[in-house]
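*Asks:*
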Amino acid sequence: MESAISLIKQNHLGLSLASLSIRELLFVKAAPGNIYALENGNYKIVLKKKAVINKTVLKELLANSQYYLFMDSLTREQLKKTHQDNLRMATRSLSVGDLTENALYAANLLTINMGYLYERPIDDELLKLQHQCAQNLANFLLEIPELHHDIYQQYIKQKHHFVFAQPFLSSLFVLGALKQSHFFTDKDVEALFVTSYFKDIGMSSIPTDKYDQEELDEQEKKLLAQHAKHSVSILKNRLALTPAHLTIIENHHFFSLMTQGLDLDSVSKDVVFGAETMIISVMDIISAMITGRPFRNANTLFEALELVKIIMSDQYPQEFKLVVSYFRNFFFNKR
Ligand SMILES: [Fe+2]
Numbered sequence: 257m258e259s260a261i262s263l264i265k266q267n268h269l270g271l272s273l274a275s276l277s278i279r280e281l282l283f284v285k286a287a288p289g290n291i292y293a294l295e296n297g298n299y300k301i302v303l304k305k306k307a308v309i310n311k312t313v314l315k316e317l318l319a320n321s322q323y324y325l326f327m328d329s330l331t332r333e334q335l336k337k338t339h340q341d342n343l344r345m346a347t348r349s350l351s352v353g354d355l356t357e358n359a360l361y362a363a364n365l366l367t368i369n370m371g372y373l374y375e376r377p378i379d380d381e382l383l384k385l386q387h388q389c390a391q392n393l394a395n396f397l398l399e400i401p402e403l404h405h406d407i408y409q410q411y412i413k414q415k416h417h418f419v420f421a422q423p424f425l426s427s428l429f430v431l432g433a434l435k436q437s438h439f440f441t442d443k444d445v446e447a448l449f450v451t452s453y454f455k456d457i458g459m460s461s462i463p464t465d466k467y468d469q470e471e472l473d474e475q476e477k478k479l480l481a482q483h484a485k486h487s488v489s490i491l492k493n494r495l496a497l498t499p500a501h502l503t504i505i506e507n508h509h510f511f512s513l514m515t516q517g518l519d520l521d522s523v524s525k526d527v528v529f530g531a532e533t534m535i536i537s538v539m540d541i542i543s544a545m546i547t548g549r550p551f552r553n554a555n556t557l558f559e560a561l562e563l564v565k566i567i568m569s570d571q572y573p574q575e576f577k578l579v580v581s582y583f584r585n586f587f588f589n590k591r
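So the sequence shown is residues 257 to 591, counted in my numbering.
1) Given a threshold of 16 other Cβ atoms within 10 Å of its Cβ, counted over all protein chains shown, does His268 qualify as buried or as exposed?
2) When DSSP builds the beta bridges, which residues end up paired with Phe326?
3) Please classify His405 as buried or exposed, where buried requires at least 16 neighbouring CB atoms within 10 angstroms.
4) Quick check: the Cα distance between Ser272 and Leu330, rounded to an integer number of angstroms?
5) Going by the CB atoms, is the gap between Ser487 and Lys443 shorter than 8 Å?
6) Does at least one heavy atom of ligand 1 sit under 7 Å from the Cβ of Ala484?
7) Run through DSSP, which three-state label would Arg332 get?
8) Given a threshold of 16 other Cβ atoms within 10 Å of its Cβ, counted over all protein chains shown, does Tyr582 qualify as buried or as exposed?
9) With a threshold of 7 Å, establish whether the CB of Tyr477 neighbours any heavy atom of ligand 1.
10) I need the DSSP call for Leu578, collapsed to helix, strand or coil.
11) Can you give the Cα-Cα distance for His483 and Ser262, rounded to whole angstroms?
12) Would you check if the stretch 278-286 and the stretch 363-376 touch, i.e. whether three or more CB-CB distances between them fall below 8 Å?
13) Kindly provide the ranges of any alpha helix (DSSP H) runs that are 4 or more residues long and lie completely inside the stretch 346-434, ordered along the chain.
14) Using only CA atoms, which one of Ser461, Lys300, Arg549 and Ala287 lies nearest to Gln266?
15) Name the two residues that bound the continuous beta strand (DSSP E) containing Lys300.
16) Is His501 near ligand 1, in the sense that its beta carbon is under 7 Å from a heavy atom of that ligand?
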């Protein structure tokens with residue numbers, strides 16, 4: 257009898273629970289509801305409502321491989337709302353108090369909210385919030401290049417899922433290098449930060465946990481190959497991006513396609529690939545290479561620059577010099 261009741265309870269839980277990433281519990285001081293994990297096919301409470309959440313608790317959950325958590329779906333909606341409100345507040349008051357901490361907090365919340373946008377890329381409110389807050393953060397980052405290295409180091413310690421961390425990391429490098437070049441106005445750099453930040457939103461057509469596998473299946477590979485086009489479809493007429501910025505998004509893998517020796521016939525060669533596309537593309541490659549993935553270790557900066565040299569040095573020698581000098585300053589002069 258007991259097992260029958262338990263089965264009914266389990267089924268009911270299965271219907272009312274929503275999955276929750278452990279990273280959504282960052283910056284949450286107490287569990288907003290019971291938090292469950294699956295154990296031998298059954299839901300088991302791992303944190304009771306109002307239980308204190310801190311680094312130790314999160315580490316224990318990670319140590320027990322409880323990456324996949326569950327929470328009552330209504331409570332998760334409230335948690336989302338809290339993260340969204342906090343993001344809005346954080347990006348409105350970036351200049352008050354500790355600047356590194358403020359930028360880091362905003363970047364972390366932006367990343368958590370990127371996860372929500374991937375769940376519902378067609379949600380206008382989510383996209384608008386993400387866009388406004390990314391813009392605010394970009395403006396702030398433009399004022400504090402000397403703090404970028406600290407922000408980068410502390411941000412990667414949070415170990416966000418790489419799919420959601422990559423847009424911020426690559427765009428931070430884009431912003432820093434373009435600012436250092438003095439060729440662009442701050443307004444131009446801000447627009448290119450946003451372009452870089454949203455260029456991979458089309459990757460949301462594949463469930464995030466699939467990216468943890470070393471190999472995607474054939475259908476997923478096709479979707480991934482088309483993600484730049486999907487990004488444009490998602491963003492067109494919804495974000496204030498010019499056609500030129502959308503073209504950069506559409507072609508942001510042109511250079512990495514070349515390095516993989518893939519057939520380029522499907523890529524329109526009529527498009528003029530400007531230096532902006534090149535910078536956004538190589539910063540994407542470098543930031544991905546120097547951070548690890550579940551299925552591979554991180555490469556060194558030197559290895560990443562060696563690859564980028566092959567792609568850039570013939571056609572874009574000036575830009576290649578800029579990239580090298582930017583990273584020299586970033587990692588060795590701590591700027
Ligand atoms: Fe991409």
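No residue lacks a Cβ here, since even glycine has one placed at the ideal position from N, Cα and C.
*Replies:* With the structure as the only source:
1) For this step, residue 268 is matched to residue 12 along the sequence shown. Result: exposed.
2) Walking along the sequence shown from the start, residue 326 turns up at place 70. For Phe326, which the question treats as bridged, DSSP gives the partners Ser275 and Tyr292.
3) Locating residue 405 in the sequence shown gives position 149, counting from the first residue. The residue is buried, with at least 16 neighbouring Cβ atoms inside 10 Å.
4) Position 16 of the sequence shown, counted from the first residue, corresponds to residue 272. Position 74 of the sequence shown, counted from the first residue, corresponds to residue 330. If I take the Cα positions, the gap works out to 9 Å.
5) On the sequence shown, residue 443 is found 187 positions in, with the first residue counted as 1. On the sequence shown, residue 487 is found 231 positions in, with the first residue counted as 1. No, they are not a contact pair.
6) Residue mapping note: residue 484 aligns to position 228 of the sequence shown, counting from 1. Ala484 Cβ: within cutoff of ligand 1.
7) Against the sequence shown, residue 332 aligns to sequence position 76. Three-state result, Arg332: helix.
8) Here the question's residue 582 lines up with position 326 in the sequence shown. Classification of Tyr582: buried, given that the 10 Å Cβ count is 16 or more.
9) Residue 477 sits at position 221 when you count from the first residue of the sequence shown. Reading off the sequence shown, one finds Lys at residue 477, where the question assumed Tyr. Not one heavy atom of ligand 1 sits closer than 7 Å to the Cβ of Lys477.
10) For the purposes of this step, residue 578 is taken as the residue at position 322 of the sequence shown. Here Leu578 sits in helix by DSSP.
11) Sequence index remark: in the sequence shown, residue 483 carries index 227 (1-based). Sequence index remark: in the sequence shown, residue 262 carries index 6 (1-based). Computed Cα separation, rounded: 43 Å.
12) yes
13) 355-375, 380-399 and 404-413
14) Along the sequence shown, read from residue 1 onward, the residue named residue 266 stands at position 10. It is Lys300 whose Cα lies nearest to the Cα of Gln266.
15) As a working note, residue 300 is residue 44 in the sequence shown. From DSSP, the beta strand (DSSP E) with Lys300 extends over Asn298 to Leu303.
16) The count along the sequence shown starts at 1 and reaches residue 501 at position 245. Not under cutoff, so the answer is no.
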